Amino acid sequence: MFSNLAILDIDSPVRRPAQGIRHLTSDQIKMIRGFIQKRVMNPEDVDDILQSTFLEALRSEHKFQHASKPQTWLCGIALNLIRNHFRKMYRQPYQESWEDHTHSEPDSHGDIGHQVDGHRQLMQVVRAIGTLPSNMQRVIEVSLEMDGNYQETASSLGVPIGTVRSRLSRAREQLKRQMDPFA
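The working numbering numbers the first residue of the sequence shown as -5 and each following residue consecutively.
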């Protein structure tokens, strides 16, 4: 993908040793890709983060002081982008609508028994949420209304974002214990 990055000096047709972020070898690029892959499982996200790493490096090239190897500097940029990626993911948790399941094509698990079990589990979760303290129930309710956005939930409730995180974390732990007391 990035194997065609310049490792030749534009002014000279002779190869020269890698000296900066614009002169990476394919092995160095593979190393950066591997660095990202160890931390991010989705291949599409790996490609996006790798590309963003190089874009950010080009934007910030003037800040590179040659105090470290270029690939070390790029891994630092990649690590920051990976952190941002996961922060964004955690702010917007994965949610599926009930309609996605009821209108989808039946698969090998689409038998009526599976659907009944799913409905029973859902009812068990609803009952378990009902046993939580009212402040936790309210945070769950508002968080769902705000599509899982902690900041908007905090603003809506008039509490600090840390309070939202704390209540949701405690609620998750209590629900896990109620749903699977042996875990």
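No residue lacks a Cβ here, since even glycine has one placed at the ideal position from N, Cα and C. No experiment lies behind these values; they were computed from the predicted model shown.
Residue burial is scored here from C-beta neighbours: I71 has at least 16 other C-beta atoms within 10 angstroms and is therefore classed as buried. The C-alpha of E38 is placed about 20 Å away from the C-alpha of A51.
Sorting L44, Q172, D141 by C-alpha distance to the C-alpha of I30 places L44 at the top. Here Q22 is near Q65, since their CB atoms are less than 8 Å apart.
Straight across, the Cα-Cα distance linking N129 with P154 is about 14 Å. Under the DSSP assignment, F29 falls in the alpha helix (DSSP H) whose first and last residues are 20 to 31.
In the structure shown, D141 adopts coil according to DSSP, grouped into three states. Judged by their CB atoms, L169 and I106 are not nearer to each other than the 8 Å cut-off. V133 is positioned such that its CB atom lies closer than 8 Å to that of R161. No Cβ-Cβ contact shorter than 8 Å links V119 with H79.
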